[in-house]
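Data block below; observations after.
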Amino acid sequence: MLGTTFILALRSIRRHLLRSFLTVLGIVIGVAAVVAMVTLGKATTLQVQKSIASLGTNVLQIRPGQGFGRGGGGPRPPDFDPRDVEAIGKQITGVTAVAPQAQSTGTAIYEGANWSTTINGTTNGYFEVQPWALASGRYFTPAEESAGKAVCIIGNTVYTNLYKTRNALGTRMRIAGISCDVIGILSTKGQSGFGGDQDDVVIMPIKAVQRRMTGNTDVRLILVGVDQAYSTAQVQASITDLLRERRHITGGKEDDFNIFDTKQISDTLSTTTTLLTNIVTAVAGISLIVGGIGIMNIMLVSVTERTREIGIRLAIGAVANEVLMQFLVEAVVLSCLGGLIGLLLGQVAVILLSVLGQLPFIFDVQINVIAFLISGAIGVVFGFFPARRAASLNPIDALRHE
Amino acid sequence: MGAAAGSAVADGIPDPLIRLRGVTKTYGTGATAFQALKGVDLDIATGDFVAVMGPSGSGKSTTMNILGCLDVPTDGEFIFMGHHVESLDRDQRALLRRKYFGFVFQGFNLLARTSALENVELPLLYRGDAKAERREMALAALDQVGLKDWWDHTPGELSGGQQQRVAIARAIATKPAVLLADEPTGNLDSERSVEIMELLSDLNKHAGITVLMVTHEPDMAAFAKTIVHFKDGLVERTEAGHAQGERVG
Chain A
2 MLGTTFILAL RSIRRHLLRS FLTVLGIVIG VAAVVAMVTL GKATTLQVQK
52 SIASLGTNVL QIRPGQGFGR GGGGPRPPDF DPRDVEAIGK QITGVTAVAP
102 QAQSTGTAIY EGANWSTTIN GTTNGYFEVQ PWALASGRYF TPAEESAGKA
152 VCIIGNTVYT NLYKTRNALG TRMRIAGISC DVIGILSTKG QSGFGGDQDD
202 VVIMPIKAVQ RRMTGNTDVR LILVGVDQAY STAQVQASIT DLLRERRHIT
252 GGKEDDFNIF DTKQISDTLS TTTTLLTNIV TAVAGISLIV GGIGIMNIML
302 VSVTERTREI GIRLAIGAVA NEVLMQFLVE AVVLSCLGGL IGLLLGQVAV
352 ILLSVLGQLP FIFDVQINVI AFLISGAIGV VFGFFPARRA ASLNPIDALR
402 HE
Chain B
3 MGAAAGSAVA DGIPDPLIRL RGVTKTYGTG ATAFQALKGV DLDIATGDFV
53 AVMGPSGSGK STTMNILGCL DVPTDGEFIF MGHHVESLDR DQRALLRRKY
103 FGFVFQGFNL LARTSALENV ELPLLYRGDA KAERREMALA ALDQVGLKDW
153 WDHTPGELSG GQQQRVAIAR AIATKPAVLL ADEPTGNLDS ERSVEIMELL
203 SDLNKHAGIT VLMVTHEPDM AAFAKTIVHF KDGLVERTEA GHAQGERVG
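Heads up: the protein sequence lines correspond to chains A and B, in order. What the first sequence shows, in this note's numbering, is residues 2 to 403, in sequence order. What the second sequence shows, in this note's numbering, is residues 3 to 251, in sequence order.
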């Protein structure tokens, strides 16, 4: 019997093709919107997580001052001392590596080519905290680190601009007025999540940068790698205690440094994007309900308009359930067809928007299946009332209907 | 067979196809109640061709609705092939219609924008016949009404007479026991009307289908074997039709 009603439903849809299409337009748009929003939301979350991950996972960044954009007035809090770095490495449990950082800028020159870049003074710990492979060459030796020798590891952008494709290892370039041996070239890391070119950098032993460029032993930034087995919050608390003590901050005084937990930021941003995705999806979901009401509306009109047809069917010997099923199946087939068109449209929207928004393209099977099932369910829910009305018609009255 | 059908009350006849006993039908209740049938007794034998005549409001349409199992009597008995139809529910009556009845209406009542073949297939579809069988039976029915070559035309592409033939094909596709025709020639000119009546007579004679027809026109009633006259909700009189005379003579 279901096969028969299915044939009848398809015939009826075919007979009113334009109307059928207009009827399901709401479902088409609703499904497309839901699929596109959820998929793009997931892509955005993925993108954000990737950006944060490029900062290194389980990394704490310690800076003087009170965090982003705060601590406006008053004297600038002092930078860290190299001994602070040492203390963190030795006294805090759960720390895998510590890397101090002193930054400067300067122009790198090699055989007439010059390139203005960032000079990053640090230790080998830097490459442990946020793993960064070498394309060629080597990292610093302990001797180079302790003596602060003028050696440098260059980023890919610097390499390309100074050397094109020539060999750089073992050459001597000039950077910020001093000459320096190139011992390594880093692999390409690409843009950071916040837009900067991470490969536009020259990395030197921190002592070399301090002595020959900044002229002091201040450490502007400390990167701390946290063991996966330890909670970053706990390590962060221990470091805070240690640094307060070392920087003589007592009682209720606020910290004059801040610790930035990449994992925490990542979680916060993920939560935010997920929340936004959910809100937009809910709005799109409303259009699905509106689409369902559209189907009910047209089905009711259709039942009235086809009253005589229903009369004929009943007279010929259709039982009430068959008429009910016919209209119900018609509504479900309609809404499922609308759902399918919506899925296709949704994919097109996802492809276009991910290209425009430079988001990774993902195909989320789950949301497609769910959206399709919902479109079918809408057909059942909103098709039932008109179908029941059709089935309850009196054949004599229905036949007389003009 | 036909000879017995004419009598309004024929208790001596063992097994009429249709038997109405004291059938009343009241519409509405209380002060606005209207009694359309006031106690109709009628027997119709298998193979008869009955024309039902009478002025508007005489109860002939109400009787036809009851005979077609589309409506139930308020009171009284309607026995069809041994079934007490008055005690059947909606769906049971639908199944009875599906199996034993074919309907032809004044306004043809074909599905618009649907080919003649699909229209004729409709009752077979509800019977659950397989596709090939359905098609074969529908084409056979169209052949019987002389429209085999028009199977793919929609009602809009057919003349009134042709539409009524398609409707008759639909009614006989399931090989029903009874064909109910409600003013089948009401919308047709006299030439077309005669053609339709000849077709119905032919189906009655050669396919053995019992035909019940409501008509206003004595010319059309003349094709019947039996003519039943209704007046004021009662059977006024029953007479032998032209066909009956032909047959007897």
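Ideal Cβ positions, reconstructed from N, Cα and C, are used throughout, including at glycine.
Residues of the region 2–23 of chain A with Cβ closer than 8 Å to any Cβ of chain B, in chain order: Answer in chain order: M2, T5, I8, L9, R12 and R16.
Secondary structure of S137 (chain A), DSSP reduced to three states: Three-state DSSP puts S137 (chain A) in a strand.
Close-in-space but distant-in-sequence residues of the same chain around I198 (chain B) (CB under 8 Å, 5 per side omitted): If we look at I198 (chain B) and ignore the five residues flanking it on each side, its Cβ neighbours are G163, Q166, R167, I170, P186, T187 and L190.
CB of P417 (chain A) within 8 Å of CB of D257 (chain A), strictly: What the structure shows of chain A is the stretch from 2 to 403, and residue 417 (chain A) is not part of that stretch, so it cannot be assessed.
CB contact check: A142 (chain B) to chain A, cutoff 8 Å: Chain A, which has no Cβ nearer than 8 Å to the Cβ of A142 (chain B), makes this no.
Assigned secondary structure, Q359 (chain A) (DSSP; H/G/I helix, E/B strand, else coil): In the structure shown, Q359 (chain A) sits in coil (DSSP, three-state: anything other than H, G, I, E or B).
Pairwise C-alpha distance: L112 (chain B) and L329 (chain A): Inter-residue distance for L329 (chain A) and L112 (chain B) is about 22 Å (C-alpha atoms, whole angstroms).
Neighbour flag for I325 (chain A) against chain B, beta carbons, 8 Å: Going by the sequence as given, residue 325 (chain A) is Leu instead of Ile. Chain B, which has no Cβ nearer than 8 Å to the Cβ of L325 (chain A), makes this no.
DSSP state of F80 (chain B) mapped onto helix, strand, coil: Secondary structure of F80 (chain B) (DSSP, three-state): strand.
Any C-beta of chain A under 8 Å from that of F107 (chain B): Taking Cβ atoms only, chain A reaches closer than 8 Å to F107 (chain B), which makes this a yes.
Pair within 8 Å by beta-carbon distance, I28 (chain A) and S336 (chain A): S336 (chain A) sits close to I28 (chain A), with the two beta carbons spaced by under 8 Å.
Boundaries (first-last residue) of the beta strand (DSSP E) holding I93 (chain A): The continuous stretches of beta strand (DSSP E) do not include I93 (chain A), and DSSP gives it neither H nor E.
Runs of alpha helix (DSSP H) lying entirely within the region 31–88 of chain B, each at least 4 residues, in chain order: 62–69, all fully within the region 31–88 of chain B.
8 Å Cβ cutoff met for T118 (chain A) and D201 (chain A): Yes, they are a contact pair.
Every unbroken beta strand (DSSP E) within the region 101–177 of chain A, with a cutoff of 3 residues, ordered by chain: As far as the region 101–177 of chain A is concerned, its whole beta strand (DSSP E) runs of at least 3 residues are 114–123, 135–138, 152–155 and 173–176.
N- and C-terminal bounds of the beta strand (DSSP E) containing A183 (chain B): Looking at the DSSP string, the run of the beta strand (DSSP E) that includes A183 (chain B) is V180 to D184.
Against chain B: residues of the region 367–400 of chain A by CB proximity under 9 Å: Answer set for the region 367–400 of chain A: N395, P396, I397 and L400.
Candidates B:R21, B:R137 and B:Q108: closest to V122 (chain B) by CA position: When each option's Cα is compared against that of V122 (chain B), the closest is B:R137.
Q37 (chain B) beta carbon less than 8 Å from that of T48 (chain B): Remark: C-beta atoms of T48 (chain B) and Q37 (chain B) do not approach each other more closely than 8 Å.
C153 (chain A) versus T241 (chain A) - alpha carbon distance: Between C153 (chain A) and T241 (chain A), the C-alpha separation is close to 32 Å.
Residue range of the alpha helix (DSSP H) that includes E197 (chain B): For E197 (chain B), the enclosing alpha helix (DSSP H) stretches over residues S192 to H208.
Environment of G4 (chain A) [buried if 16+ CB atoms lie within 10 Å]: Around the beta carbon of G4 (chain A), a 10 Å sphere encloses fewer than 16 other beta carbons of the protein chains shown; the residue is thus reported as exposed.
Reduced DSSP secondary structure (H/G/I, E/B, other) of R115 (chain B): Look at R115 (chain B) here: in three-state DSSP terms it is coil, with no helix or strand label.
CB of G347 (chain A) within 8 Å of CB of A37 (chain A), strictly: Taking 8 Å as the Cβ cut-off, G347 (chain A) and A37 (chain A) qualify as a contacting pair.
Boundaries of the alpha helix (DSSP H) in which V291 (chain A) is found, first to last residue: It spans T263 to E306 - the alpha helix (DSSP H) in which V291 (chain A) sits, taken as one unbroken run.
Integer-rounded CB distance, given that I20 (chain B) should sit under 8 Å from G104 (chain B): At roughly 15 Å, the Cβ-Cβ gap does not stay under 8 Å, so G104 (chain B) and I20 (chain B) are not in contact.
Members of the region 292–325 of chain A that neighbour chain B once the beta carbon cut-off is set at 8 Å: Per Cβ criterion, the list reads R309, E310, G312, I313, R314, L315, A316, I317, G318, A319, V320, A321, N322 and E323.
Contact with chain A by T116 (chain B), beta-carbon distance below 8 Å: Closer than 8 Å to some Cβ of chain A, the Cβ of T116 (chain B) qualifies, so yes.
Any chain A beta carbon closer than 8 Å to L124 (chain B): Closer than 8 Å: yes.
Which residues DSSP lists as bridging T28 (chain B), in chain order: Residue pairing of T28 (chain B) in beta bridges, as defined by DSSP: B:Q37.
Nearest-angstrom Cα separation, counted from A177 (chain A) out to M214 (chain A): M214 (chain A) and A177 (chain A) have their C-alpha atoms spaced approximately 8 Å apart.
Counted within 10 angstroms of its Cβ, other Cβ atoms place I294 (chain A) as buried (16 or more) or exposed: Label assigned to I294 (chain A): exposed.
Residue-chain proximity (R136 (chain B), chain A), Cβ-Cβ < 8 Å: No - not a single Cβ of chain A is within 8 Å of the one on R136 (chain B).
Chain A within 8 Å of A38 (chain B), Cβ atoms only: It does not; no Cβ of chain A falls within 8 Å.
Through-space distance from L315 (chain A) to A391 (chain A), alpha-carbon basis: Just so you know, the alpha carbons of A391 (chain A) and L315 (chain A) end up roughly 10 Å apart.
G14 (chain B), DSSP secondary structure in three states: Caution is warranted here: a pLDDT of 47 is assigned to G14 (chain B), below 50, making its placement in the model unreliable, and no coordinate value can be reported.
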